[in-house]
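Add 548 to a position in the sequence shown, counting from 1, and you land on the number used in my numbering.
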Amino acid sequence: MFVLHQNKQDKLVEKKSKFLGFSFSVTSKIEIKEKLEQLKKEYKDARHVVWAYRFQENGVLREKYTDDKEPSGSAGSAILFLLQKKEAMNCLVVVIRYFGGIKLGKGGLARAYTKSANLVLENNLQKSENGS
């Protein structure tokens, strides 16, 4: 298992659409809710706020994602898959999209969301000391 070294933010532009990526270390649904509310308030003019998380609570794995009105399977599930692949734990990744006027298609969206999520995870995961 790997955990975040630090909270991180990055930006990606794909065909004029802006993707703002954020990663946060989290250990509860309350923390996740607070982070999401804060970002939605700060970026209220964004078209989509897509997220995925993985954390352990009392020994139980909690995973969830949302596509936030993007085509099913093109956004949040791509981020969750990346978290699973990297064995990231106690982690919330949020990608905020500002539509640039050019449709990316389902495959293009999945690649862009994955790339944006990877930017905030890249060189930012460290082996967990306690295995959780």
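We put the CB at the ideal spot given by N, CA and C, even for glycine.
Under 7 Å, do residue i and residue j count as touching if we go by C-beta distance?
| i | j | result |
| --- | --- | --- |
| Ala594 | Tyr661 | no |
| Leu552 | Ser571 | yes |
| Lys675 | Phe550 | yes |
Candidates the options: which alpha carbon is nearest residue i's?
| i | options | result |
| --- | --- | --- |
| Gly656 | Ala623, Leu628 and Ser573 | Ala623 |
| Lys564 | Val598, Tyr591, Gly648 and Ser576 | Gly648 |
| Arg602 | Glu590, Ser625 and Gly621 | Ser625 |
What does the Cβ neighbour count give for residue i, buried or exposed, with the cut at 16 atoms within 10 Å?
| i | result |
| --- | --- |
| Asn672 | buried |
| Tyr580 | Checking the sequence shown, residue 580 turns out to be Ile, not Tyr. Buried, by the Cβ-count rule. |
| Gly569 | buried |
| Ile521 | The shown model of the chain, from 549 to 680, leaves out residue 521, and the question about it has no answer. |
| Val561 | exposed |
Give the straight-line distance between the Cα atoms of residue i and residue j, rounded to the nearest whole angstrom.
| i | j | result |
| --- | --- | --- |
| Glu677 | Ala658 | 32 Å |
| Ala600 | Ile650 | 25 Å |
| Asp558 | Val608 | 30 Å |
| Lys633 | Lys592 | 31 Å |
| Ser664 | Glu618 | 15 Å |
| Asp616 | His596 | 6 Å |
| Val643 | Val574 | 16 Å |
| Gln586 | Asn638 | 19 Å |
| Glu635 | Ser576 | 18 Å |
Name the one or two DSSP bridge partners that residue i has.
| i | result |
| --- | --- |
| Asp558 | Gly569 |
| Ile650 | Answer is none; Ile650 lacks a bridge partner. |
| Lys612 | Tyr601 |
| Gln674 | Val551 |
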